[in-house]
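Engineer: Input: one structure, supplied below.
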Amino acid sequence: MPAASGRRALLGAMAAWPWAARAQDSRPVRDAAGRLATLPQRVTRVVAAGLPAALPIWSLAPDLLAGWARAPRGPELAFLPPEAAALPETGRLTGGGSDTASVEAVVASHADMILDYGSVTPSYAAQMDRIQSQTRVPALLLDGTLSKIPDTFQLLGELLGRQAAAKPLIETSARLLDEARAAAALLAQRGRPRVFYARGPQGLETGVAGSINTEILEFCGAENVAAAQAGVGNLAQVSAEQVVVWDPDWIITPEAALAATMPKHPIWSTLRAVREGRIAVAPVLPFGWVDSPPSVNRLLGLAWLPILFGVRPRDELPARIGALSDMLYHRRPDDAQLGALLRTASP
1 MPAASGRRAL LGAMAAWPWA ARAQDSRPVR DAAGRLATLP QRVTRVVAAG
51 LPAALPIWSL APDLLAGWAR APRGPELAFL PPEAAALPET GRLTGGGSDT
101 ASVEAVVASH ADMILDYGSV TPSYAAQMDR IQSQTRVPAL LLDGTLSKIP
151 DTFQLLGELL GRQAAAKPLI ETSARLLDEA RAAAALLAQR GRPRVFYARG
201 PQGLETGVAG SINTEILEFC GAENVAAAQA GVGNLAQVSA EQVVVWDPDW
251 IITPEAALAA TMPKHPIWST LRAVREGRIA VAPVLPFGWV DSPPSVNRLL
301 GLAWLPILFG VRPRDELPAR IGALSDMLYH RRPDDAQLGA LLRTASP
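So for the sequence shown, full-length UniProt numbering puts the first residue at 1; every next one is plus one.
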């Protein structure tokens, strides 16, 4: 057999091997950290490395989500369709604290892709390299910055083959970001509201400068009074005495029980924001409007904060939250649910 004919025969045989067929059906992609991974042409199952990554997948392609890093429970489920409760809890591959998902479980899920969403620093990129190496599943990292949400939906639509479904999410998130920028410009002219974000049962955990947990407050034009507080990472513990010194114009908290006690509390009640009734409870159902987690759920916060700070009409909020909930979570809250969410969110 001539050499050329032999090579052709060998190449033809190799093309018939299963691994060669898979290679022909794959595509190289780069994530937000510049990492290269190889995905199949058609992605049918995605493991979310954490809850922040699960939410954009749920919004865009809920049928492809392998499970929740932390499954919704209790009152959260009332704001989600029944399909959300049917998904298993897969655990967390990345994020704060110890990881709760096993490599074996990821492999057993037969996922085509692992997705993480958040910081794109070298340490997080290295985490994804490690996970990809351990599981042999392509692992991608997307930028969780608030202003990058339209880019996230666009890239995810391309990765998952859901470009048509991504289009309204891209357009809506871009419009909300533009409106928030316009609100911030107006507040810069009027005087930026000074805000303390009170996390935790005592309200003394808050976001420091550059924190993803308070990013949305500054994006919408507020001044985070704790921005200059020394701290490691996104969050820091502060003292009640320090909050008294700051004496913010607004207190925003995801802790409804804490907010209810503030007017009679010996320290909180001395703050001007409390005396003048400027305590806003950031809704957390089914996910937080400010953080918890810091993901695409913050689009509801973008719709809310300009109204809270008085630069958009208050009467438009229920309809906007209803439409956004329908788009992001595939369930529109009923009037009673909306009323409960907004009652303490708009004092």
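Glycine residues also receive a C-beta, built at the ideal position from the N, C-alpha and C atoms.
In whole angstroms, what is the alpha-carbon distance linking residue 125 and residue 265?
Structural biologist: 45 angstroms
Engineer: Whose C-beta lies closer than 7 angstroms to the C-beta of residue 229 among residues of the same chain, with five residues either side of it excluded?
Structural biologist: 208, 236 and 238
Engineer: With DSSP collapsed to three states, give me the class of residue 267.
Structural biologist: coil
Engineer: How many Å lie between residue 283 and residue 25 at the Cα?
Structural biologist: 44 angstroms
Engineer: Quick check on this structure: which residue in 300, 310, 343 and 150 has the alpha carbon closest to the alpha carbon of residue 322?
Structural biologist: 300
Engineer: Roughly how many angstroms lie between the CA atoms of residue 215 and residue 146, to the nearest whole one?
Structural biologist: 7 angstroms
Engineer: Below 7 angstroms, is the gap between the Cβ of residue 125 and the nearest heavy atom of the ligand NAP?
Structural biologist: Absent from the structure shown: the ligand NAP. Ligands present: none.
Engineer: Compare the C-alpha of residue 109 against each of 191, 44 and 290 and name the closest.
Structural biologist: 44
Engineer: Residue 192 and residue 210 look like a contact to me (Cβ under 8 angstroms); what is the Cβ gap, rounded to whole Å?
Structural biologist: The pair is not a contact, with the Cβ atoms about 17 angstroms apart (cut-off 8 angstroms).
Engineer: Using DSSP with H/G/I as helix, E/B as strand and the rest coil, what is residue 237?
Structural biologist: strand
Engineer: At 4 residues or longer, what runs of the alpha helix (DSSP H) sit wholly inside the stretch 46-105?
Structural biologist: 51-60 and 82-86
Engineer: Pull up the DSSP beta-bridge partners for residue 207, would you.
Structural biologist: 235
Engineer: Per DSSP, which residues does residue 357 bridge with? Please list them.
Structural biologist: Residue coverage of the chain in this structure runs from 1 to 347, which leaves residue 357 outside it and unanswerable.
Engineer: How big is the Cα-Cα spacing for residue 297 and residue 79?
Structural biologist: 13 angstroms
Engineer: Give me the DSSP bridge partner(s) of residue 29.
Structural biologist: 37
Engineer: Measure the Cβ-Cβ separation of residue 290 and residue 252 and say whether it is below 8 angstroms.
Structural biologist: Yes; because the gap between Cβ atoms is below 8 angstroms, this pair is in contact.
Engineer: Return helix, strand or coil for residue 162, following the three-state DSSP convention.
Structural biologist: The answer is coil: DSSP assigns residue 162 none of H, G, I, E or B.
Engineer: Please report how far the alpha carbon of residue 166 lies from the alpha carbon of residue 263, in whole angstroms.
Structural biologist: 44 angstroms
Engineer: Under three-state DSSP, which class holds residue 322?
Structural biologist: helix
Engineer: Does the structure place the stretch 58-78 close enough to the stretch 322-340 that three or more beta carbon pairs sit under 8 angstroms?
Structural biologist: yes
Engineer: If you drop the 5 nearest sequence neighbours on each side, which residues of the same chain put their C-beta closer than 7 angstroms to that of residue 23?
Structural biologist: Because residue 23 sits at a pLDDT of 47, beneath the cut-off of 50, its placement in the model cannot be relied upon, and the point is left open.
Engineer: Distance, Cα to Cα, residue 270 vs residue 106?
Structural biologist: 51 angstroms
Engineer: So, at 7 angstroms on beta carbons, what are the nonlocal neighbours of residue 240 in its own chain, with the 5 sequence-adjacent residues on each side left out?
Structural biologist: 204 and 267
Engineer: How far does the beta strand (DSSP E) with residue 116 in it reach, from first residue to last?
Structural biologist: 113-118
Engineer: Tell me whether residue 176 is buried or exposed, calling it buried when 16 or more other Cβ atoms sit within 10 Å of its Cβ.
Structural biologist: buried
Engineer: Please report the Cβ distance between residue 115 and residue 183, rounded to the nearest whole angstrom; I am assuming they are in contact, meaning their Cβ atoms lie under 8 angstroms.
Structural biologist: So it is not a contact: roughly 31 angstroms between Cβ atoms.
Engineer: Straight-line CA distance for residue 135 to residue 149?
Structural biologist: 28 angstroms
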